[in-house]
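Taken in order, the sequence shown gives residues 889 to 1001; the numbers are from the numbering used here.
Scroll down for the structure; my scribbles are underneath it.
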Amino acid sequence: SEKTSTNPIASIFAWSRALNQRAILDDNSRLKHFAQALEEACIESVEAGYMSKDLAICVAGTSKVSSEQYLTSEDLIDYFSERLKVKLAKPLRKRYALVGPRLDPPQYKSEDQ
889 SEKTSTNPIA SIFAWSRALN QRAILDDNSR LKHFAQALEE ACIESVEAGY
939 MSKDLAICVA GTSKVSSEQY LTSEDLIDYF SERLKVKLAK PLRKRYALVG
989 PRLDPPQYKS EDQ
């Protein structure tokens, strides 16, 4: 059977975000640690060059990528799993928010004030 290379990251992040929200609601620090470690494992894997074919195409800027430039779906999930095990064995690095701090709208004064 032919092996595929689809990108599981969106599905993984949908689950990790849901788990993180559940952790917040339940005040469950172990679940929060797991959800954050899962995201970090995925991000660090891609940063290290371990990615699906669609991401390899984006990085290379061409659809002509060799099989050495990407992992199959199964191999990529296995790689994420190995990185996750390592991450869960130690404290997490600093989290970066996806969105910056909320800014208050500017206060305008009329010419009469």
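All C-beta atoms, glycine included, are put in the ideal place defined by N, C-alpha and C.
Every value quoted in this text rests on a predicted model; they were computed, and no experiment measured them.
Check                                                                                                                                                                               : Outcome
Could you compute how far the alpha carbon of residue 916 sits from the alpha carbon of residue 951?                                                                                : 43 Å
Leaving aside the five residues before and after residue 925 along the sequence, list all residues of the same chain whose C-beta is less than 7 Å from its C-beta, in chain order. : 972, 975, 976 and 980
Could you tell me whether the region 906 to 913 touches the region 944 to 962, using the rule of 3 or more Cβ pairs below 8 Å?                                                      : no
Taking all protein chains shown into account, decide if residue 927 is buried (16 or more other Cβ within 10 angstroms of its Cβ) or exposed.                                       : buried
If we require 4 or more residues per run, which alpha helix (DSSP H) segments fall completely within the region 906 to 945?                                                         : 917 to 935
When we look at the beta-carbon of residue 946 and count the other beta-carbons within 10 Å, is it buried (16 or more) or exposed?                                                  : exposed
Note the first and the last residue of the continuous alpha helix (DSSP H) segment covering residue 972.                                                                            : 961 to 976
With a 10 Å radius around its C-beta and 16 neighbouring C-beta atoms as the bar for buried, classify residue 933 as buried or exposed.                                             : buried
Is there a Cβ from chain C that is less than 9 Å from the Cβ of residue 952?                                                                                                        : Looking at the structure shown, chain C is missing, and only one protein chain is on hand.
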